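Inspection log for the structure reproduced underneath, given as structure tokens.
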Amino acid sequence: MTAVLTGEHYSVEEAAAYLNTSVRFVRRLISERRITFYKLGRHVRLKREDLEAFVQAGKVEAVTVRWQAGRVVG
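Numbering follows full-length UniProt numbering, in which position 29 of the sequence shown is assigned residue number 29; successive positions increment by one, without gaps.
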């Protein structure tokens, strides 16, 4: 099976800049297989859609908390 890259794809350094993280963090995600990546010879590429999916997977919805006398109520 052959994967074809379409759309925007980034190098590890560009992906780190896109995610506003370090290159080391992106390389760790790749080595732990926590993010989809593509090998082109000795080059590693990441698609923008895969980076966005990774960010959305870690999204935590905000909750409203009521406080009364220094304690959470309800």
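From the three backbone atoms N, C-alpha and C, an ideal C-beta is built for every residue, glycine too. From a predicted model like this one, the values you see are computed outputs, not experimental measurements.
Alpha carbon of residue i to alpha carbon of residue j, nearest angstrom
i	j	result
isoleucine 30	glutamate 8	18 angstroms
arginine 33	glutamine 68	44 angstroms
asparagine 20	leucine 51	11 angstroms
arginine 71	glutamate 14	44 angstroms
Residue i - partner residues in DSSP beta bridges
i	result
valine 44	Lys39
arginine 66	Val73
tyrosine 18	Paired residues: none, contrary to the question.
Option in the options with minimal Cα separation from residue i
i	options	result
glutamine 56	Glu13, Ser11, Ile35	Ile35
6 angstroms Cβ shell around residue i - same chain, five flanking residues per side excluded
i	result
arginine 48	Glu8
arginine 45	His9, Tyr38
valine 73	Arg66
Spatial neighbours of residue i in its chain, beta-carbon cut-off 8 angstroms, leaving aside the 5 residues before and after
i	result
valine 12	Val23, Val26, Arg27, Ile30, Val44, Leu46
Distance cut-off 7 angstroms: residue i Cβ against heavy atoms of the ligand SAM
i	result
arginine 34	Summarising the ligand content, the structure contains no ligands, and the ligand SAM is consequently not present.
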